[in-house]
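For the sequence shown, position 153 (counting from the first letter as 1) is numbered 153 according to UniProt numbering, and the numbering increases by one without interruption. Below is one structure, written out as structure tokens; comments come after it.
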Amino acid sequence: LSFPRLHRKAPPPKTSQVPQISTQNPGHGQGYTQQAYNQQAFQQNASVPRIERIPGGAPAQQDFRGATATSEDNVGTFNGGSYRVSHRDVNSILTVQLAMGAPLIVKPGVMISMSTTITLKGEFHFSWKKVISSGKMSMSHYTGPGELILAPSSLGDLMVLPMRGDKEWLCGRDAFLAHTSGVKHDYVSQSLSKAVFSGEGLFVYKLTGTGIMWLQSFGAIIKKDLVDGESYYVDNGHLVAWNCKYTLERVASGGIISNFAGGEGLACRCEGPGTVYLQTRNLNAFAMHMKVSTASG
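Okay, structure coming up:
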């Protein structure tokens, strides 16, 4: 007897389980689950960073990227000595150990102490740019061997800016603290609008050369890297140093009264590529605050 051959149906293909991502916030659960569908594409290419986002586009908590605080000492060496930035971030001091014959150019009035073996010489350089901008006519030249301790003239942090000769930096005249002998600084003029509204004045320092530059701030320092085509607003009075272009732009809406009331009608629009260093406090705003507080008793 012959029996008809039975044809078994092939089992359905196994489907990969969609990973479920839990979150402590139940309101975000749907958005996190939806993102789980796209995780396999990221797993195929490990070089692509995986950034999860909550509904609305903001990064999830574990992928947040923003300003970070630091209280660690910054220690390094240069041609002719070594340095340490300590007591951060609003009472920072710079300690420099200079070798025999090693020079250091320093802004006058910021020295706390030094070894008796260090020699100090002041050099006077007259410039009409310095007269107009109320800049320093002289610089203090220290020569080793010995220890030199410097500190900002206001409550703030210190940043170390390595100069490799491939980039030109600009900084406000109040930001300069010290630099090694291979770095050159000179005054350059800004446009009249930048001079009035940027908070940096008509003349700023142009930094070139090779070596190390130490800059000071009022408050803590934040570093912002901008990619090509990226724009970023910085309120006037908060720039420390930058190597990118910036323009002044109105960011407050409404009439002139609302702009003056908000106090942020104009801001510096920085355009990438480049890097911007910001300070968390505005010296002019702080001075006004102290004046009002003192007057009110």
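Ideal placement from N, C-alpha and C gives every residue a C-beta, glycine not left out.
Cβ-based neighbour list, residue i, same chain, cut-off 7 angstroms, excluding 5 preceding and 5 following
i, result
"H238", "L278, Q279 and N282"
"V204", "L170, C171, G172, R173, V188 and Q190"
"G146", "L98, M114, S115, T117 and I118"
"G165", "G209 and T210"
Coil, strand or helix - residue i by DSSP
i, result
"V292", "helix"
"L239", "strand"
"R281", "coil"
"A99", "coil"
"A267", "strand"
"residue 313", "The chain is shown from 1 up to 297; residue 313 falls before or after that span and cannot be answered."
"A178", "strand"
"F286", "helix"
"R173", "coil"
"F78", "strand"
"L248", "strand"
"E147", "strand"
"H185", "strand"
"R84", "strand"
"I54", "coil"
"D73", "coil"
"P108", "coil"
"P162", "strand"
"K206", "strand"
"T275", "strand"
"L215", "strand"
"G156", "strand"
"K223", "strand"
Neighbourhood of residue i by C-beta, 6 angstroms cutoff - its chain only, sequence neighbours within 5 removed
i, result
"T143", "P103 and T119"
"G209", "M163, G182, V183 and K184"
"H87", "I93"
Outcome for residue i when other beta-carbon atoms lying within 10 angstroms are tallied against a minimum of 16
i, result
"A220", "buried"
"M100", "exposed"
"Q61", "exposed"
"K245", "exposed"
"S217", "buried"
"N284", "exposed"
"I112", "exposed"
"K291", "exposed"
"F260", "Residue confidence for F260 is low, a pLDDT of 46 falling below 50, so the modelled location carries little weight and cannot support an answer."
Proximal residues to residue i (C-beta, below 8 angstroms), its chain only, five neighbours per side dropped
i, result
"I212", "G76, F78, Y83, V160, L161, P162, M163, H179, T180 and V183"
"K206", "E168, W169, L170, H185, D186, Y187 and V188"
"G108", "For clarity, residue 108 is Pro in the given sequence; the question names Gly instead. Here the set comprises G122, K136, S138, M139 and S140."
"D73", "R84, V85, S86 and R88"
Residue i CB to nearest heavy atom of the ligand FMN below 8 angstroms
i, result
"C244", "With respect to the ligand FMN, the structure offers nothing, as it holds no ligand at all."
Check your understanding: Does the pairing of the segment 169 to 183 with the segment 225 to 236 give three or more beta-carbon distances under 8 angstroms?
Key -> Too few Cβ pairs lie closer than 8 angstroms, so no.
Point to revise | Any 3 or more C-beta pairs closer than 8 angstroms across the segment 180 to 188 and the segment 145 to 157 | key: In this structure the segment 180 to 188 does not touch the segment 145 to 157; the number of beta carbon pairs closer than 8 angstroms is below three.
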